[in-house]
Amino acid sequence: DPLDKLRDECATLPAIKPYVHHYAECVERVTKAQESDDYDQLEYKEDCVEEFFHLQHHINDCVQPRLFAKLK
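Using the UniProt record's numbering, you'd call the opening residue of the sequence shown number 1 and step up by one each time.
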C-alpha cells in the first residue's frame, strides 16, 4: 500500500520531526504516569490526543500531494 510507505517517509522529514518528537515525549510522560502507584487517584490524567492529531494532520498534509501523484 503506497499510503503506509508515504506516511512513514513523511514522518522522517525535518518539517514533521518536531511533531513526532512531541508525540513521543507525551507518550513517554503518560506511560510513566500510568506506572505510578497513585495513578488511579490522580484528578487529571494526561492523554496525547492533541499531539496525535497535530502529528496526523501534518503527516496527511505531506502525504496528500505525493499519494495523488502516484495514483494518476
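Glycine residues also receive a C-beta, built at the ideal position from the N, C-alpha and C atoms.
What did DSSP end up calling residue i once you bin it into helix, strand or coil?
| i | result |
| --- | --- |
| Asp44 | Checking the displayed sequence, the identity of residue 44 turns out to be Tyr instead of Asp. Of the three classes helix, strand and coil, the one that applies to Tyr44 here is coil, per DSSP. |
| Pro2 | helix |
| Pro18 | helix |
| Thr12 | coil |
Quick check on residue i: buried or exposed, where buried means 16 or more other Cβ atoms within 10 Å of its Cβ?
| i | result |
| --- | --- |
| Glu43 | exposed |
| Leu3 | exposed |
| Tyr23 | buried |
| Leu71 | exposed |
What are the start and end residues of the alpha helix (DSSP H) that includes residue i?
| i | result |
| --- | --- |
| Leu67 | 49-71 |
Just to check, is the beta-carbon of residue i closer than 7 Å to a non-hydrogen atom of the ligand ATP?
| i | result |
| --- | --- |
| Asp8 | This structure does not include the ligand ATP; it has no bound ligands of any sort. |
**Q.** Three-pair Cβ contact test at 8 Å for the segment 3-22 versus the segment 47-61
**A.** yes
Q.
Would you call the segment 58-65 in contact with the segment 3-13, where contact means no fewer than 3 C-beta pairs closer than 8 Å?
A. yes
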